[in-house]
Amino acid sequence: MHAKGAWPVLFCTPRYLPGRKISFPVRRQVYGMPKGNVPKLLRRLWQVSALILNFVRLGWWVWRLRPKLLLMDDYREYLAPCWAWALRLGLRKAGTLCAANVHDPVRDFKIGPDWWHDWSVKQGYSFISIALTHEPVPEYANMPKRILRVVVPHGIYDLPAPTVGLRDLRGRFGVPEGLKVFLAFGFLRDNKNLDLLIRALAEVPGAFLLIAGRAQSQANRPMAFYRELAQKLGVEGRCHFHDAFVPEADTGNFFAVADFVALTYSATFHSQSGVINLAAAARVPVLASAAPGPLTDVVTKFDLGLVVAPDSLDEVVRGMKAILARKWTPGWDDYRAFAGWEANVDALLRAAKLEGADLTAENAKSA
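Residue numbering for the sequence shown follows the working numbering, beginning at 75 and increasing consecutively.
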């Protein structure tokens, strides 16, 4: 947006993009998770408190800075009845329009009883005027009809260069000579079918699996589950488990060592994957599955890899064998032109009727 003449102010955690030179104001005033091994109960209380306080403070900052547009990185409904009122109030008092990236409009992951989930979803949408999505929103998503829906590309991430050579990286992750590396990157979620990838190794001897990330919540299987499954199947020698958050500076190393990126989502996944845009930055082909939608569409349209049917061990095995057997020349340049951030921002500014508007208010410059 800065390149379009706007003057954004970024609110983030103190550990977001450390050391990167940014040409617009950054307020590192968002509460993140505590460092170190904090007891589980204290960590959960911290997480709940931080979530509520961050949105209450955001409502106050909107009222104080009075921007023309508030762009949220994602839609959130968790505990929304406890904090949505503050953001609604701030937006109304400031006369500010709110847009949100809605990466997954089908909110089928529930915390608590159905009535609480439904109320939370409604509250999470209550202050949003523009929803940026990656495909048309299905009717069963229950997004309010008053919200303007704008289909935009996801945007391709910047990926740091690897810090060490390929031979050293393969040694770091314990990759035996001659094997091809499949990378599963990001939060551990049951709907990524990581267990199917591990089971497939028993039938695909030329493959090595690198899993990097942490469980998104206690409702999902921890890394220990996948370690034990690999041991049980006798394929632990062709797996490496990185049970930790990967800092930005190290991200390039994981994608540099990968020959393929595994995006084997279940049929419950209807959205785009942020990881495919890291794969695009690294130009690494993908093995993908999901419900019909933006992920499978772009993989097929730009020949970014191979799409298989979701939730099937036979399909994962078939896909791994097929992707290993083919020499890939994906259409990365065409995909970058299609999915770049410029197209994303242009669509947002048109929807908000801010094209050519003066977004460089003095209060934002002095923020």
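Built from N, CA and C at the ideal position, the CB exists for glycine as well.
- Shown here for Pro88: same chain residues with a beta carbon closer than 6 Å to its own, the five before and five after excluded, namely Arg102 in chain order.
- Using a Cβ distance threshold of 8 Å, Leu165 and Val136 count as a contacting pair.
- In terms of Cα proximity to Ala332, the closest of Arg288, Leu240, Glu416 and Glu277 is Leu240.
- Taking every protein chain shown into account, the CB of Pro179 has 16 or more other CB atoms within 10 angstroms, so this residue is buried.
- Burial state of Val382 is buried, judged by a 10 Å Cβ sphere holding 16 or more other Cβ atoms.
- The C-alpha of Pro113 is placed about 42 Å away from the C-alpha of Leu380.
- Relative to Leu275, the option among Pro187, Lys196 and Lys395 whose CA is nearest is Lys395.
- The segment 316-333 makes contact with the segment 288-299: 3 or more CB pairs, one atom from each, lie closer than 8 Å.
- Secondary structure at Phe329: helix, using DSSP grouped into helix, strand and coil.
- Secondary-structure assignment with DSSP links Ala258 through a beta bridge to Ile285.
- For Arg220, the three-state secondary structure derived from DSSP is coil.
- Ranking Leu422, Leu257 and Thr370 by CA distance to the CA of Ala330 puts Leu257 first.
- Here Leu116 is exposed, its C-beta having fewer than 16 other C-beta atoms within 10 Å.
- For Val360, same chain residues with a beta-carbon under 7 Å away, outside a window of 5 residues either side, are Phe334, Val335, Leu337, Ile350, Ala353, Val373, Leu378 and Gly379 in chain order.
- Asn175 sits in a strand when the DSSP states are folded into three classes.
- Per DSSP, reduced to three states, the secondary structure at His344 is coil, with no helix or strand assignment.
- Collapsing the DSSP output to three states places Arg241 in a helix.
- Listed in chain order, the non-local C-beta contacts of Trp402 below 6 Å within the same chain comprise Pro359, local neighbours out to five positions each way being set aside.
- Looking at the backbone, the Cα of Val238 and that of Gly245 are separated by about 11 Å.
- Glu277 has its alpha-carbon roughly 35 Å from the corresponding atom of Asp232.
- Distance from the CA of Phe412 to the CA of Gln197, rounded to the nearest whole angstrom, comes to 33 Å.
- Counting only runs that start and end inside the segment 161-214, the beta strand (DSSP E) elements of at least 3 residues fall at 171-175 and 204-207.
- Gly133: member of the alpha helix (DSSP H) spanning Lys114 to Leu139, first to last residue.
- In the three-state reduction of the DSSP assignment, Cys156 falls in the helix class, which pools H, G and I.
- DSSP, reduced to helix, strand and coil, places Leu268 within a helical segment of the structure shown.
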